[in-house]
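Take the sequence shown: its letter number 61 is residue 58 in the numbering used here, and every next letter is one higher.
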Amino acid sequence: MTRIARDSLSISPLESFVRDYVDARDGVWDEIEPQVYDLLMGPEMLQIAFDPEALPEHPEAQLASLGSPLFDRLLSDAARRWNSARLYRVGLNLYPHGIESRVRRAISLPVDASVRVERVRAMGFPQAVFWFKAIFSGDQKEEELLPLGMDLHYLREVRHLDALLAYDRLSDSPETYLSEARHASLPAGYRAARGHVARTVAPLANTRRREWAGRTQKQIARMSAYYAQLRVEAVARAARSSDPEAEARAASRREAIDREEALRIAELRQKSAIHVQVGLASVMIVVQPKLLIATTVTTKGQTPSRLDIVWDPLLETIEAVPCPACGQTTFAFRTSRAGLCCENCPGNSSAGRR
Ligand SMILES: [Zn+2]
C-alpha cells in the first residue's frame, strides 16, 4: 500500500471524516495520490476524489464534496449507525475529604435536629444526553442542534453539560465497575427532555419570526409601491385618452390591481409564517460516578428520618435533595410529626417551628 504521508493540518475535515468513517466500519482507505482515495468497505469498493481537478485523470472516481450524493450517503449512513452511545465519565475524585462536614454545611435543619451519615457508596448515575434538531421553516429554512442533558436519577436537567462531556474524560469502559443508582428509564428521560427543549425552542422561533417578519414587511412595502405605480399609470392613461369608455376601463383595471395586490400580500404573509419541527438527532448515555450518601436526621423525641443525599464529584457539591413530603428539591428542611419536609412544604406552615 502506498500511503502518502501528509501533515494532518493539510487534511480537510471532509477527508478526515471519510478516513474515520472507513476505519469505524473496519474498512481500508488508501490515499493513492493527494486527495484521491481508494476505499474498501465490506463488499463495496470505490474511488473518491476531494479535488475536482483530479477527476479527468481518475474517471472512475466520484467527487466527494459537501452536498454531493456520495457524501450525503456516507454522512446519513454514519448518522444511522452511530446515533447512540454509552460512555463513562472518568477522572473524578470519589474520595472527597470530610464528606460528613460537607453534608452538615449543605443541609440546613432546625436547631434541635442533627444529621448523621450512615453509609457512603459510589454508584453509576446515568445521564442521558439528547441532541435535538430544530428545523425552522418559512420562506427560508434554518436548522439548529440543541443538546440537552437529563440526570435520570432525579429526572432533572444537567446544567453543566460541557463539564460532563469534557473531551478527554469520556471512556468506553468505566474506571471502576459500580452498581447503578436507581433511575428513570430512557423514554421517561426523553419525555422530560422534550418538555425542556420546547421551552428552549419557543424563544428561538420568536427571534426568527421577528427577523423574518421584518424582511416580509420590507417586501410588502416594495410590492405596494409597485402596485401604487400601476394605479397611477392606469389613471394617467385614462386621462390622456379621448375614448368615452376609458374611465370605466381604468376603474376596472384599478380594481384588478387592488385584487392582485391583496392576493400577493396574503401569499407573502403566509410564506413568512414560521413552522418549527423538533426531532431527536442522537442520544448518548454518560454514566457518571457519584456518591450516594445515606443519612438519618434525628430530632429530639421523634423517630429518625432517612434522607438520601447525592455528592457530585464533577462539581464537588452536594446536590439539592427532593423533599420527602412534596418532592421539590431543597437544601432547607424542617421536621414535623410526619417526618422531614422542606421549608416551602404546602400545608405544613407550623411544622417543626417551636
Ligand atoms: Zn416539601
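From the three backbone atoms N, C-alpha and C, an ideal C-beta is built for every residue, glycine too.
Since the structure is predicted, the reported quantities are computational estimates derived from the model, not experimental observations.
Report buried or exposed for Glu316, applying the criterion of at least 16 other Cβ atoms within 10 angstroms of its Cβ.
Buried.
Identify every residue that forms a DSSP beta bridge with Asp48.
None; Asp48 has no bridge partner.
Check whether the Cβ atoms of Ile352 and Arg205 lie closer than 8 Å to each other.
Outside the displayed range of the chain (-2 to 351) lies residue 352, so it cannot be described from this structure.
In whole angstroms, what is the alpha-carbon distance linking Lys297 and Cys323?
Roughly 23 Å separates the two Cα atoms.
Under 7 Å Cβ to Cβ from Leu43, same chain only, skipping five residues before and after it: list those, please.
Counting only Cβ-Cβ distances below 7 Å, and skipping sequence neighbours, we find Leu36, Gln59.
Does His272 come out as helix, strand or coil in the three-state DSSP assignment?
His272: strand per DSSP, three-state reduction.
How about Leu183 and Ala259: do their beta carbons lie closer than 8 Å?
No, Cβ-Cβ distance for Leu183 and Ala259 is not below 8 Å.
For the region 193 to 203 against the region 116 to 125, do three or more pairs of beta-carbon atoms, one drawn from each stretch, fall closer than 8 Å, so that the two count as touching?
With the cut-off at 8 Å, the region 193 to 203 and the region 116 to 125 do not touch.
Pull every residue with its beta-carbon under 5 Å away from any heavy atom of ligand 2, and keep them in chain order.
For ligand 2, the structure offers nothing, since it holds only ligand 1.
Among the candidates Glu242, Ser333, Arg118, whose CA atom is the shortest distance from the CA of Leu175?
Checked all of Glu242, Ser333, Arg118; the closest Cα to Leu175 is Arg118.
If I follow the unbroken alpha helix (DSSP H) through Arg77, where does it start and stop?
66 to 78 is the span of the alpha helix (DSSP H), which, as asked, contains Arg77.
For Arg303, which residues in the same chain have their Cβ closer than 6 Å to its Cβ, ignoring the five residues on either side in sequence?
Excluding residues within five positions, the ones whose Cβ falls inside 6 Å are Thr293.
Quick one: complete beta strand (DSSP E) runs, 3+ long, within the region 88 to 140?
Runs found: 110 to 134.
For Phe68 and Phe47, I'd like the C-alpha separation in whole angstroms.
Their backbone Cα atoms lie some 10 Å apart in a straight line.
On the three-pair Cβ rule with 8 Å, is the region 166 to 175 touching the region 232 to 242?
Verdict: no, contact absent.
With a threshold of 16 other CB atoms inside 10 Å of the CB of Tyr223, please say whether the residue is buried or exposed.
Exposed.
Which same chain residues end up closer than 8 Å to Ala247 when comparing Cβ atoms and leaving out the 5 residues on each side of it in sequence?
So the qualifying residues of the chain are Ala231, Val232, Arg234, Ala235.
Could you give the DSSP three-state label for Ile8: helix, strand or coil?
In the structure shown, Ile8 sits in coil (DSSP, three-state: anything other than H, G, I, E or B).
Please state if the CB of Leu161 and the CB of His180 are separated by a distance shorter than 8 Å.
Not in contact: His180 and Leu161 (Cβ atoms no closer than 8 Å).
CA-CA distance, Asn203 and Gln216?
Looking at the two C-alpha atoms, the distance is approximately 20 Å.
DSSP on Lys297, reduced to helix/strand/coil?
Looking at Lys297 - three-state DSSP - the assignment turns out to be coil, as it is neither helix nor strand.
Would you mind sorting Gln32 into buried or exposed? The rule is 16 or more other CB atoms within 10 Å of its CB.
Flag for Gln32 reads buried.
Which residues share a DSSP beta bridge with Gly146?
Note: Gly146 sits in a beta bridge opposite Val126, Val155.
Taking 7 Å as the limit between beta carbons, can you name the residues of its chain near Phe133, skipping five residues before and five after?
Hits under 7 Å: Glu139, Ala202, Arg205, Ile271, Val273.
Take the Cβ of Ser269 as the centre, count every other Cβ of all protein chains shown within 10 Å, and call the residue buried at 16 or more, exposed below.
Its Cβ being crowded by 16 or more others within 10 Å, Ser269 is buried.
Please report the residue range of the beta strand (DSSP E) in which Ser221 lies.
That residue, Ser221, is in no beta strand (DSSP E); its alpha helix (DSSP H) goes 183 to 237.
Ser9 to Cys339, Cα distance in whole Å?
Distance between the alpha carbons of Ser9 and Cys339 is about 56 Å.
Suppose the cutoff is 6 Å on Cβ atoms and the five residues either side in sequence are ignored; what does the same chain contact list for Val284 look like?
These residues qualify, in order along the chain: Tyr85, Gly121, Pro123.
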